[in-house]
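**Student:** Residue numbers (our numbering): 2 to 100. No residue lacks a Cβ here, since even glycine has one placed at the ideal position from N, Cα and C. Quantities reported herein were computed from a predicted structural model and do not represent experimental measurements. Provided herewith is a single structure, encoded as structure tokens, for subsequent inquiry.
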Amino acid sequence: MEECRAWTKEPILRTFQVQLLAMTLLRLLQAPLERGWEAGTWWVQPAWNRRKRHASILDLRRLFWRYRTEFSQFLVALEELEEIPQPPTLGPDPTGRAA
């Protein structure tokens, strides 16, 4: 919240909501990352900060930055698709209600 420079209430609330969402997603992503990679390969406790117990948003950003070329290639391939494939449908809802 220190980085939020705003004059009105709305930008501060939006910043707070985005920050909460990002931290929640980080916690949800942390377990699969720890299971999927070898121990200690995606996040290592920094030697200069022994009190740090878990990854931060900045650590996740650094992880994604390592794979920026793959993300770029994926986005280019996505743009080259003529039509975005839709997931298969299971048929109409028998109750007639929208999801």
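Throw me the rounded Cβ distance for the residue 1 and residue 56 pair, which I believe falls under 8 Å.
**Tutor:** There is no way to answer for residue 1, as the model of the chain reaches only from 2 to 100.
**Student:** Work out the CA separation of residue 12 and residue 75 for me, nearest whole Å.
**Tutor:** The residue labelled residue 75 in the question sits at position 74 within the sequence shown. The residue labelled residue 12 in the question sits at position 11 within the sequence shown. Looking at the two C-alpha atoms, the distance is approximately 32 Å.
**Student:** List, from N- to C-terminal side, the beta strand (DSSP E) runs of 3 residues or more that fit wholly inside the segment 35-88.
**Tutor:** none
**Student:** Whole angstroms are fine: how far does the CA of residue 67 sit from the CA of residue 87?
**Tutor:** Counted from its first residue, the sequence shown places residue 87 at position 86. Counted from its first residue, the sequence shown places residue 67 at position 66. Roughly 30 Å separates the two Cα atoms.
**Student:** Would you kindly check if the distance between the Cβ of residue 29 and the Cβ of residue 43 is under 9 Å?
**Tutor:** Locating residue 43 in the sequence shown gives position 42, counting from the first residue. Locating residue 29 in the sequence shown gives position 28, counting from the first residue. The answer is no: Cβ separation not under 9 Å.
**Student:** Do residue 23 and residue 58 count as a contact pair if the criterion is CB distance below 9 Å?
**Tutor:** Taking the sequence shown and counting its residues from 1, one reaches residue 58 at position 57. Taking the sequence shown and counting its residues from 1, one reaches residue 23 at position 22. Going by C-beta atoms, residue 58 is nearer than 9 Å to residue 23.
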